[in-house]
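Scroll down for the structure; my scribbles are underneath it.
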Amino acid sequence: MSTSDDLLALDVAALSARLRTREISPVELTEAYLEQIGALDGKLRTYITVTAEVARAAAKTAEAEISAGQWRGPFHGVPIALKDLLYTRGIRTTGGSKILAGFVPDHDSTVWKRLAAAGAVLLGKLNLHEFAYGLSCTNPHWGTVRNPYDLDRIPGGSSGGSAAAIVARMAAATIGTDTGGSIRIPAALCGCVGLKPTFSRVSRYGVIPLASTLDHVGPITRTVRDAALMLGVIAGHDPDDSTSSRNPVPDYTAALGKDVVGMRIGVIRELNHGLSNEVARSFNAALKQLAAIGATVEEVSAPAIETAGVATTVVMLAEALEYHENWMRTRPGDYGADVRGLLEMGMGVPATSYVRMQRARAAILADALHALEGRDVLVAPGSAIAAPRIGEATIQVEGAASMDTVQAIIRFTSPFNATGQPALAIPTGLSADGLPLSMQIIGRPFDEPSVIRVADAYERTRGPIPAPKL
Amino acid sequence: MGLVRPETLKLIAKEIYDYDLSDQGAGAIANGAGALLTTSHHLGAMLEPDGVEPPFGYPNLEAEAARIGQKGR
Chain E
1 MSTSDDLLAL
11 DVAALSARLR
21 TREISPVELT
31 EAYLEQIGAL
41 DGKLRTYITV
51 TAEVARAAAK
61 TAEAEISAGQ
71 WRGPFHGVPI
81 ALKDLLYTRG
91 IRTTGGSKIL
101 AGFVPDHDST
111 VWKRLAAAGA
121 VLLGKLNLHE
131 FAYGLSCTNP
141 HWGTVRNPYD
151 LDRIPGGSSG
161 GSAAAIVARM
171 AAATIGTDTG
181 GSIRIPAALC
191 GCVGLKPTFS
201 RVSRYGVIPL
211 ASTLDHVGPI
221 TRTVRDAALM
231 LGVIAGHDPD
241 DSTSSRNPVP
251 DYTAALGKDV
261 VGMRIGVIRE
271 LNHGLSNEVA
281 RSFNAALKQL
291 AAIGATVEEV
301 SAPAIETAGV
311 ATTVVMLAEA
321 LEYHENWMRT
331 RPGDYGADVR
341 GLLEMGMGVP
351 ATSYVRMQRA
361 RAAILADALH
371 ALEGRDVLVA
381 PGSAIAAPRI
391 GEATIQVEGA
401 ASMDTVQAII
411 RFTSPFNATG
421 QPALAIPTGL
431 SADGLPLSMQ
441 IIGRPFDEPS
451 VIRVADAYER
461 TRGPIPAPKL
Chain F
1001 MGLVRPETLK
1011 LIAKEIYDYD
1021 LSDQGAGAIA
1031 NGAGALLTTS
1041 HHLGAMLEPD
1051 GVEPPFGYPN
1061 LEAEAARIGQ
1071 KGR
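Written as structure tokens, this is what we have:
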């Protein structure tokens, strides 16, 4: 390869093929990424910690191993980064907070342990909304993450640094977490792929919790095939996470390169209104594209999905406060005002409401599964709007009353945290203002292969999304 | 409809969490939590989860106990 730009333009699948044949050197690739981080991070604030020396050492090891014919798999020598919510032994893990600013774990999260064993090179730890409790990534402690397509707009969150780093080519792949939409929202607003796997598919061990019964860990990547590759590395039972599934992990890449002829796709009626004109236009164009490549696209109703987000919110408020209770007592002034406000709100949630909403989750999932009867996947927009401006508390959608910005975004994603279903956000194009627009594809529990198959087929016919001008 | 009064919230915060909630914070939370609880009541009524077990399985309870035991607690 000739220039750094050429190297940085490749997705993991393309890099991996060239790394394996030694057309690319992991050392050269890592230096190109570190240079890009050095050039752009002051502007975008995507990283909290850059682990340059750790990365260089890992790249050298990878180069030696690959040269000796010891190829470990598709992530061998690939520079990646982790949301700073995942424990990394000997490397500070802040959770995007002041409270954990000096915390250095003595063990790795299972997800990082598996990626490291696969030969991945760690570039650093990515910025996020404080403790993953919010979707703006306006972080008072580590700087506000900017959307690479418009620096005056939010990247979405809470995994905003993970998505911004992908589209700004500051990492080849990243890891995010998702409790109410925190993988899919930043992927939607930044224009990349975000896959929230089925609850329990990926271990949460060594991940700072937001709400234990809603938290998911998953990939944020340039392409669907990269998400499939990364999920294949991180999925699987973990004895350190008793909630992790013992279901066998399929080969997710087997779902790639297939058509969707004969597949049936349900458009969720309850999530297909209150959209901006541009989101509606782009979403409808994506539906037409899916039909054009052979899928049957039809409207379905899942009435409980309309208000299912409240179950996620009530459970999140209670579980988050339980985790933070001691710090709220001893260090309340060390939280940002918005996160402290949400934790205070948790004090107003009665135990009866928490248990009732936990019980409601089964009924919500039953409703979603009913909508899936005779169908392969469901689809919905990724958000009602494109990325809002930083600090924009309310937004106006054509033909509708002014609405709360958070609600305009999270109502599309949070129902699938309550149900635990796999859900993937994929870009559908850019708005007239050059902002990314997105669609979600939702499957049955543990049916990530169908989600990946539809997303990959759509992505191949959609074509590339123009990169941001930075 | 607010189900939680600011005064009640301040009392809960102090008595249960040993946390001093400001008047302004209590007012905002009472509105937010009140609206949320109203919606959750509606959702609960719509879904009729009577007889539905909460998703806390016994296998997880056993596995966590075994994991704690292995750590020597």
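So the protein sequences, as listed, match chains E and F.
Each step along the first sequence adds one to the number in our numbering, with nothing skipped, and position 94 is 94.
Each position in the second sequence, counted from 1, maps to that position plus 1000 in our numbering.
Glycine included, each C-beta is placed from N, C-alpha and C at the ideal position.
Computed from a predicted structure; not experimentally measured.
Limits of the unbroken alpha helix (DSSP H) element including residue i
{"i": "LEU290 of chain E", "result": "277-292"}
{"i": "ASP41 of chain E", "result": "26-44"}
{"i": "VAL454 of chain E", "result": "448-462"}
{"i": "ASP6 of chain E", "result": "4-8"}
{"i": "GLN407 of chain E", "result": "405-410"}
{"i": "ASN1023 of chain F", "result": "According to the sequence as given, residue 1023 of chain F is Asp; it is not Asn. Per DSSP, ASP1023 of chain F belongs to the alpha helix (DSSP H) from 1023-1047."}
{"i": "SER162 of chain E", "result": "160-167"}
{"i": "ILE234 of chain E", "result": "224-234"}
{"i": "ALA13 of chain E", "result": "12-20"}
{"i": "GLU130 of chain E", "result": "It is not in any alpha helix (DSSP H) - GLU130 of chain E carries neither H nor E in the DSSP assignment."}
{"i": "GLU473 of chain E", "result": "Since the first residue shown for chain E is 1 and the last is 470, residue 473 of chain E is missing from the structure and cannot be characterised."}
{"i": "PRO186 of chain E", "result": "184-190"}
{"i": "PRO415 of chain E", "result": "415-419"}
{"i": "GLY1069 of chain F", "result": "1058-1070"}
{"i": "GLY549 of chain E", "result": "Any property of residue 549 of chain E remains undetermined from this structure, which presents chain E solely from 1 to 470."}
{"i": "VAL111 of chain E", "result": "110-117"}
Beta-carbon proximity of residue i to residue j, cut-off 8 Å
{"i": "VAL377 of chain E", "j": "GLY443 of chain E", "result": "yes"}
{"i": "VAL224 of chain E", "j": "ASP215 of chain E", "result": "no"}
{"i": "ILE397 of chain E", "j": "GLY274 of chain E", "result": "As written in the sequence, residue 397 of chain E is Val, which differs from the Ile given in the question. For VAL397 of chain E and GLY274 of chain E, yes; Cβs fall inside 8 Å."}
{"i": "TYR33 of chain E", "j": "PRO468 of chain E", "result": "no"}
{"i": "LEU470 of chain E", "j": "ALA168 of chain E", "result": "yes"}
{"i": "PRO186 of chain E", "j": "GLY218 of chain E", "result": "no"}
{"i": "SER97 of chain E", "j": "HIS129 of chain E", "result": "no"}
{"i": "GLU278 of chain E", "j": "SER383 of chain E", "result": "no"}
{"i": "GLY124 of chain E", "j": "THR49 of chain E", "result": "yes"}
{"i": "TYR205 of chain E", "j": "ASP178 of chain E", "result": "no"}
{"i": "THR144 of chain E", "j": "SER200 of chain E", "result": "no"}
{"i": "VAL111 of chain E", "j": "VAL202 of chain E", "result": "yes"}
{"i": "LEU437 of chain E", "j": "PRO445 of chain E", "result": "no"}
Segment limits, beta strand (DSSP E) that includes residue i
{"i": "TYR47 of chain E", "result": "47-50"}
{"i": "ASP338 of chain E", "result": "Here ASP338 of chain E belongs to no beta strand (DSSP E); instead the alpha helix (DSSP H) covers 337-346."}
{"i": "SER353 of chain E", "result": "No beta strand (DSSP E) holds SER353 of chain E; the alpha helix (DSSP H) holding it covers 351-372."}
{"i": "LEU256 of chain E", "result": "Careful: LEU256 of chain E lies outside any beta strand (DSSP E) and carries neither H nor E."}
{"i": "ALA264 of chain E", "result": "A small correction: the amino acid at residue 264 of chain E is Arg; Ala does not occupy that position in the sequence shown. 264-268 is the extent of the beta strand (DSSP E) around ARG264 of chain E."}
{"i": "ILE80 of chain E", "result": "79-83"}
{"i": "THR296 of chain E", "result": "296-300"}
{"i": "LYS196 of chain E", "result": "193-196"}
{"i": "ALA173 of chain E", "result": "173-178"}
Option in the options with minimal Cα separation from residue i
{"i": "LEU321 of chain E", "options": "E:PRO209, E:GLU306, E:PRO415", "result": "E:PRO209"}
{"i": "LEU82 of chain E", "options": "E:ALA173, E:ALA304, E:GLU392, E:ILE268", "result": "E:ALA173"}
{"i": "ALA1028 of chain F", "options": "F:LYS1010, F:PRO1055, F:ALA1065", "result": "F:LYS1010"}
{"i": "VAL121 of chain E", "options": "E:SER182, E:ALA386, E:SER16", "result": "E:SER16"}
{"i": "GLU344 of chain E", "options": "F:GLU1007, F:GLU1015, F:ARG1005, F:TYR1019", "result": "F:TYR1019"}
{"i": "LEU424 of chain E", "options": "E:TYR458, E:ALA295, E:VAL249", "result": "E:TYR458"}
{"i": "ILE390 of chain E", "options": "E:ARG411, E:GLY333, E:PRO155, E:ALA254", "result": "E:PRO155"}
{"i": "LEU287 of chain E", "options": "E:MET439, E:LEU85, E:TYR252", "result": "E:MET439"}
{"i": "GLU373 of chain E", "options": "E:THR30, E:GLU448, E:VAL249, E:VAL300", "result": "E:VAL300"}
{"i": "GLY232 of chain E", "options": "E:THR253, E:MET170, E:GLN70", "result": "E:THR253"}
{"i": "LEU317 of chain E", "options": "E:ARG20, E:THR213, E:PHE412, E:ILE395", "result": "E:THR213"}
{"i": "MET357 of chain E", "options": "E:ASP334, E:VAL315, E:THR330, E:ALA68", "result": "E:VAL315"}
Strand pairing of residue i, partner residues [DSSP]
{"i": "PRO1006 of chain F", "result": "Its beta-bridge partners do not exist; DSSP assigns none."}
{"i": "GLN440 of chain E", "result": "E:ALA380, E:ALA425"}
{"i": "LEU430 of chain E", "result": "E:PRO436"}
{"i": "LEU122 of chain E", "result": "E:ILE80"}
Proximity test, Cβ basis, 8 Å: residue i and chain C
{"i": "ARG1067 of chain F", "result": "The structure shown contains no chain C; its protein chains are E and F."}
Practice problem: Assess, as a yes-or-no matter, whether the stretch 1031-1046 of chain F is touched by the stretch 347-363 of chain E under the definition of 3 or more beta carbon pairs within less than 8 Å. | Solution: yes
Quiz item: Are the stretch 341-350 of chain E and the stretch 222-239 of chain E in contact at 8 Å, needing three or more beta carbon pairs?
Solution: Touching, no, given that fewer than three Cβ pairs across the two stretches are closer than 8 Å.
Self-check item: the stretch 70-88 of chain E in contact with the stretch 16-28 of chain E per 3-pair CB rule at 8 Å
Solution: By the Cβ criterion, the stretch 70-88 of chain E is in contact with the stretch 16-28 of chain E, since at least three pairs of Cβ atoms, one from each stretch, lie closer than 8 Å.
Self-check item: Contact the stretch 333-345 of chain E vs the stretch 398-411 of chain E: 3+ CB pairs below 8 Å
Solution: no
Quiz item: Is it true that the stretch 109-120 of chain E meets the stretch 128-140 of chain E, where meeting means three or more beta-carbon pairs spaced less than 8 Å apart?
Solution: no
Quiz item: Per the contact definition of three or more C-beta pairs closer than 8 Å, is the stretch 78-92 of chain E in contact with the stretch 45-60 of chain E?
Solution: yes
Exercise. May I ask you to verify whether the stretch 404-420 of chain E touches the stretch 363-376 of chain E, counting CB pairs closer than 8 Å and requiring at least 3?
Key: yes
Quiz item: Can you find at least 3 beta carbon pairs, one from the stretch 255-262 of chain E and one from the stretch 440-454 of chain E, that sit closer than 8 Å?
Solution: yes
Practice problem: Determine, using beta-carbon pairs with one atom in the stretch 151-163 of chain E and one in the stretch 183-202 of chain E, whether at least three such pairs fall under 8 Å. | Solution: yes
Quiz item: Below 8 Å, can you find three or more Cβ-Cβ pairs linking the stretch 300-309 of chain E to the stretch 276-291 of chain E?
Solution: no
Quiz prompt | the stretch 1045-1060 of chain F touching the stretch 1011-1028 of chain F, judged by at least three CB pairs closer than 8 Å | solution = no
Practice problem: Count the C-beta pairs between the stretch 40-47 of chain E and the stretch 96-110 of chain E that are closer than 8 Å, then say yes if the count reaches three, no if not. | Solution: no
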